[in-house]
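In this note's numbering, the protein residues as written are 6 to 292.
By construction, the Cβ of each residue, glycine as well, lies at the ideal position given by its N, Cα and C atoms.
First the structure, in the form of structure tokens, and then the observations on it.
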Ligand code: NAP
């Protein structure tokens, strides 16, 4: 062990990962591994199962071990804001973060890229979609719905109609996001589709293991763009029925792929492409 080489500093490779509880179901490690391989970047992205009570300690320690940032997922997306030193405007507006950057000055930077991923997916898969031309109908008012509302308002959507099983959560969105939000009763969710240019399922209904979303689609116009945030299965019963009614449909996988791109760029220094190769790699990685 007296070789002079052993005294040379060992260059560290950038590390990133995803923190959640549980985290085994996350597709993010497969997604980032694909990009790292494709661009020949020496780096790694690992899943980390972390309990809420350990989140602060873990975030404090990771930069010391060579981590440049992490994604956070359920149940840490909201609580991480209180631990961050810098919160972007969009993360503050949404009330949650999914992308953290460990800055060289030691500060923890928190951003939310879900709304960006939602828009980038629709713009890529339906390039002539013009959300500003008419109302959007949003089913659900949970964390993901908040990111969708912020993104649609920024895209100049004139009105966002929201129905949620727990009406109070939809009312809270109206109180926070303002007069362009119109709340419908859950039992009236089908009526809000009338004349909607954009229709979004932001509930977890229709996901594998959950009952399908049961909103009547009779009022849906064939010109509407219909999307589902659920991506397992890739085509939910909701999307299949909308497609059968002549609507253009976009699955939720692209949102997952696009929301990951800003983090990858900040951590590993290259803006990655979201294309069919990536979709295939991520689909092949999970059930
Ligand atoms: P969340 O905060 O837990 O919200 C869940 C939403 O689903 C709420 O609106 C909830 O209504 C509704 N819901 C749940 N069970 C229901 C039922 N039995 N009947 C009617 N409504 C029900 O979750 P989230 O983070 O917003 O995520 C929502 C979905 O989006 C999940 O499937 C998630 O995987 C998906 N997502 C996808 C992406 C992507 O990149 N594609 C990103 C984020 C999230 P209540 O308020 O009444 O409970």
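Using 7 Å as the cut-off, classify the Cβ of residue 236 as near or not near the heavy atoms of the ligand NAP, replying yes or no.
At least one heavy atom of the ligand NAP is nearer than 7 Å to the Cβ of residue 236, so yes.
Please confirm whether residue 104 and residue 28 have their CB atoms less than 8 Å apart.
Taking 8 Å as the cut-off, the beta carbon of residue 104 is found no closer than this to the beta carbon of residue 28.
Between which two residues does the alpha helix (DSSP H) holding residue 121 run?
Counting along the chain, the alpha helix (DSSP H) containing residue 121 begins and ends at 119-130.
Compare the C-alpha of residue 288 against each of 261, 17 and 180 and name the closest.
The shortest Cα separation from residue 288 among 261, 17 and 180 belongs to 261.
Would you say residue 197 touches the ligand NAP, meaning its beta carbon is less than 7 Å from a heavy atom?
Checking the 7 Å criterion, the Cβ of residue 197 is out of range of every heavy atom belonging to the ligand NAP.
Proximity to residue 74 [Cα-Cα], best of 42, 120, 37 and 97
Residue 37 is the option with its Cα nearest to residue 74.
Assuming residue 18 is part of the alpha helix (DSSP H), what are its boundary residues?
Residue 18 -> no alpha helix (DSSP H), and no H or E assigned at all.
What first and last residue would you give for the alpha helix (DSSP H) that runs through residue 52?
That residue, residue 52, is in no alpha helix (DSSP H); its beta strand (DSSP E) goes 49-54.
Excluding the 5 residues flanking residue 71 on each side, which residues of the same chain have their C-beta closer than 8 Å to its C-beta?
The residues are 17, 18, 19 and 20.
I'd like to check one pair, residue 156 with residue 123: are the Cβ atoms closer than 8 Å?
With respect to the 8 Å criterion, residue 123 and residue 156 are classified as neighbours on the basis of their beta carbons.
Could you tell me which residues DSSP pairs with residue 106 in its beta bridges?
74 and 114, per the DSSP bridge assignment.
Which of helix, strand or coil does DSSP assign to residue 184?
DSSP places residue 184 in coil when its eight states are reduced to three.
Separation of residue 225 from residue 198, as counted between CA atoms
Spanning the alpha carbons of residue 198 and residue 225 requires a straight line of approximately 5 Å.
Return the chain-ordered list of same chain residues with a C-beta closer than 8 Å to the C-beta of residue 163, the five sequence neighbours on each side being excluded.
Cβ within range, chain order: 137, 139, 140 and 185.
Restricting to Cα atoms, I'd like to know which of 82, 286 and 106 is closest to residue 119.
The alpha carbon of residue 119 has as its nearest neighbour, out of 82, 286 and 106, the alpha carbon of 82.
Would you decide whether residue 7 is buried or exposed? Buried here means 16 or more other CB atoms lie within 10 Å of its CB.
No answer about residue 7 holds up, because its pLDDT of 44 lies below 50 and its placement is not dependable.
Contact defined as beta carbons within less than 8 Å: I believe residue 264 pairs with residue 44. What is the distance between those atoms, to the nearest angstrom?
Not a contact, Cβ separation roughly 19 Å.
Does the Cβ of residue 277 have 16 or more other Cβ atoms within 10 Å, making it buried, or fewer, making it exposed?
Buried: at least 16 other Cβ atoms inside 10 Å.
Length-filtered (4 minimum) alpha helix (DSSP H) runs lying within the region 197-253:
242-249, all fully within the region 197-253.
Secondary structure of residue 179, DSSP reduced to three states:
Of the three classes helix, strand and coil, the one that applies to residue 179 here is helix, per DSSP.
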